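Read the structure below first, then the notes.
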Amino acid sequence: MLFDWYGKTFSKVKWNNCYSCLMSIRSGIRQGGILSPLLFNIYINSIICALRSSDLGCHLGNVYVGCIVYADDILLLSASLLDMQKMLDICCSHGDDLYIMFNPKKSCLFRVAKSHNENLPNLKFNGSEIE
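Here our numbering is used: the first residue of the sequence shown is 2, the next is one more, and so on.
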């Protein structure tokens, strides 16, 4: 059913009241579709598994919570900057395998610590520093 549903996806471009020819959409998932978050999570499951097997990041008891994913958002949780950089490297490496390009400009770091005024080294994502 999914192959049939996604295999028959077409689009036109409208520009100045003119329409392009009908084009077949051969990749991606429907933005806003009810199945889209689930299908994307299935697609990036190898990243989730790699992060879990690395054992980097946070745990609640025996439950791994170092990587929380919904739709196209990934939240990484770590108590260590070194571990966080390793987790970012895992995401980049596995993202390359899946043809996913993570955008460092749309990524951000949030730190909770007693020494919040202390300058820390910048972390890198796809070769660019994260703000």
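Think of the CB as a built atom: it goes at the ideal place given N, C-alpha and C, for glycine as much as any other residue. Given the structure is predicted, the values throughout are model-derived calculations rather than measurements.
Please state whether DSSP places F11 in a helix, a strand or coil.
Of the three classes helix, strand and coil, the one that applies to F11 here is strand, per DSSP.
Could you confirm whether any beta carbon from chain B is found closer than 7 Å to the beta carbon of L36?
The chain labelled as chain B is not found in the depicted structure, where only one protein chain is given.
For I49, which residues from the same chain have a beta carbon less than 8 Å from its beta carbon, with the 5 sequence-adjacent residues on both sides left out?
Within the same chain, I49 has close Cβ partners N42, C68 and V70.
If we ignore side chains and look at the alpha-carbon of each, how far apart do V66 and D56 end up?
Cα to Cα, the separation comes out at about 10 Å.
Using only alpha-carbon positions, find the residue among P122, N123, N118 and H95 that is nearest to I45.
If we check each option's Cα against that of I45, H95 comes out closest.
Please classify K19: does DSSP put it in a helix, a strand, or coil?
Rather than Lys, the amino acid found at residue 19 in this sequence is Cys. It is a strand residue.
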